[in-house]
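As numbered in my numbering, residues 346 to 752 make up the sequence shown, in order.
Glycine is no exception: its CB is placed at the ideal position from the N, C-alpha and C atoms.
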Amino acid sequence: MSLNPEFKFAKLPWIAGRQFFRHAYVVDLMNIAQATQSTDWLTEFSSVPTNFSVDFLSFGDKLHDHWEIRMVFADNDSFIWNLWPNTSKTCGTRIKWKIGKHGLYTKIEKPNTPADPVILHSFMIGFHRTFVDVVGWLEKLFKCRVNKVDTHYTTIMVQECLTNWPPLKNAKTVTMHDKCNYSAFLNDLLPARQANGFRTFIHNVEYENPRRDMSYECLSSLDFKMASLDFSILDNQEIMKYIENLMASKISPNFEVLVARIPNWTRKQVKNFGEHFNLEPYNGQALADTHFSPEWKNRYLYNLTRPVFQHNQNEETVLVFSFSRKSGEKTSGHMAVVARKINDGRPHREALFFSVERIMRPFPIDSDSEEEDVNEVAVLQPRIPPNFNQAIENLMRWVRENHREFV
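So, in structure tokens, the structure goes:
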């Protein structure tokens, strides 16, 4: 679009501006805003987007890693703005946009159909810093805030401009990929988001003594796919409080497993744990027909015994509780909470897992005696169950011979 720098958009009446917004591409309005001094005038009549999301798309190489901004409007077209640290996607026809102090070489792809979004590709210097300023410019132009952030923890931790970026605290939905370890960043982020009533999803989190730095309610606002938490220095009441919050909260549908390091519980303490939460005894045979178990490659790393309890979290999810014990007064055990979901057509695989569980020794909570507790439980579960590989081979042979439809 060629603009006359002498044209004074601000002299147009508000109703004209409103009609202008409704009948022009949003991208053309953005072009006017960056090329003239009319940003404040455009802001007066522009609509607030129904969705404003930002994703950092990482593919493991700098050539394809980029930020993607999406905006959707109820009364105008939507657009996708890809911000690149290189020029590979901006070859061909392009214009130079100036956002604040940043010059962005931009290529605009018009939609093929009215239902398709406009797609922009921009090359920018100062990749992440420029991205932050572009998002701020859009928030001001359309009087809105980012409502969804999808990024990578490792990216945030190496970019100071992202560590303190307000949308991480203010966006309704925040998702972080990669493995997240304990950090002052999380200790600051999670309480702020919990205070706003927002949950935070982290793909894989490891936290040593998280209770030291935040409340149970705050910790329970953290959603994850896999987590390893260290509760070994907490007393039983504190552990119960966290599990109570976990079970009462709306667990993410992506949740698969939580492994918590806990004090070295006796069989009586494990039994009391189940009674406290009114947990049902584990029924692996029934679950094998209805619920599948997530692929969990470290399931034998923690010397876990056969599952002990189960809890119906909702109509689709059953939480299964397993425990381990180690000898020695100063050592700790583990508790694993695994989410089993409604079967998706893989009953043969679940039957295999149940058969493997049967060769694992049970946690002895039914005995009244505590005298042989430590020594007996210490050897219950080796890192790989006895005859594990042979059991797998036998079961797979049986499946091949009796259920060819699954092979």
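Phenylalanine 576 vs alanine 605 beta-carbon contact at 7 Å
Against a cut-off of 7 Å, the Cβ pair of alanine 605 and phenylalanine 576 comes out as a contact.
Of the residues Ser566, Trp386, Asp580 and Pro536, the one placed nearest arginine 544, counting alpha carbons only:
When each option's Cα is compared against that of arginine 544, the closest is Ser566.
Would you tell me roughly how many angstroms separate the C-alpha atoms of methionine 585 and glutamate 660, rounded to the nearest one?
Answer to the nearest angstrom: the Cα atoms are 24 Å apart.
Kindly indicate the opening and closing residues of the beta strand (DSSP E) around phenylalanine 401.
Per DSSP, phenylalanine 401 belongs to the beta strand (DSSP E) from 396-402.
Three-state class that DSSP yields for proline 608 in the structure shown:
In the displayed model, proline 608 falls within a strand according to three-state DSSP.
Can you name, in chain order, every residue of its own chain whose Cβ lies under 6 Å from the Cβ of aspartate 400, other than the five neighbours on each side?
Counting only Cβ-Cβ distances below 6 Å, and skipping sequence neighbours, we find Glu413 and Asp495.
What do you get for threonine 395, buried or exposed, if any count of 16 or more other CB atoms within 10 angstroms of its CB means buried?
Exposed, by the Cβ-count rule.
Nearest-angstrom Cα distance between serine 714 and proline 608?
In this prediction, serine 714 scores a pLDDT of 48, lower than 50, which makes its location untrustworthy; the coordinate-derived value is nonetheless stated afterwards. Roughly 20 Å separates the two Cα atoms.
Considering only the alpha carbon of each residue, which of Val665, Val602 and Thr650 lies closest to alanine 633?
Nearest of Val665, Val602 and Thr650 to alanine 633, Cα basis: Val665.
Could you pull the start and end residues of the alpha helix (DSSP H) that glutamate 454 belongs to?
Per DSSP, glutamate 454 belongs to no alpha helix (DSSP H); it is in the beta strand (DSSP E), 447-454.
Short of 7 Å in beta carbon distance, which residues of its chain neighbour threonine 379, apart from the five on each side in sequence? Order them along the chain.
According to the sequence as given, residue 379 is glutamine; it is not threonine. Beyond the five residues adjoining it in sequence on each side, glutamine 379 comes within less than 7 Å, by CB distance, of Trp442, Lys443 and Ile444 in the same chain, given in chain order.
Same chain, Cβ closer than 8 Å to alanine 516, five either side skipped, listed in chain order
Sequence-distant Cβ neighbours of alanine 516 in its own chain, meaning closer than 8 Å and more than five residues away, are Arg490, Val491, Asn492, Lys493, Val494 and Phe543.
Name the residue from Leu387, Gly448, Val372 and Asp420 whose alpha carbon lies nearest to the alpha carbon of glutamate 454.
If we check each option's Cα against that of glutamate 454, Val372 comes out closest.
Please confirm whether leucine 649 and serine 667 have their CB atoms less than 7 Å apart.
Contact flag set, yes.
Measure the CB-CB distance between phenylalanine 600 and alanine 684 and report whether it falls below 7 Å.
In this structure, alanine 684 lies closer than 7 Å to phenylalanine 600 by Cβ.
Does DSSP put leucine 579 in a helix, a strand or coil?
For leucine 579, the secondary structure class from DSSP, reduced to helix, strand or coil, is coil.
Specify whether the stretch 469-478 and the stretch 383-390 touch according to this definition: at least 3 beta carbon pairs, one from each stretch, less than 8 Å apart.
Per the Cβ contact rule, the stretch 469-478 is not in contact with the stretch 383-390 (fewer than 3 Cβ pairs under 8 Å).
Helix, strand or coil: how does DSSP classify lysine 443 here?
Strand.
Kindly indicate which residue of Thr451, Val393, Leu603 and Val417 has the alpha-carbon position closest to the one of tryptophan 429.
Comparing C-alpha distances from tryptophan 429 to each of Thr451, Val393, Leu603 and Val417 shows the shortest one belongs to Thr451.
From what residue to what residue does the beta strand (DSSP E) around asparagine 427 run?
Looking at the DSSP string, the run of the beta strand (DSSP E) that includes asparagine 427 is 424-429.
Three-state secondary structure (DSSP) at cysteine 563?
Here cysteine 563 carries a helix assignment [DSSP, helix/strand/coil].
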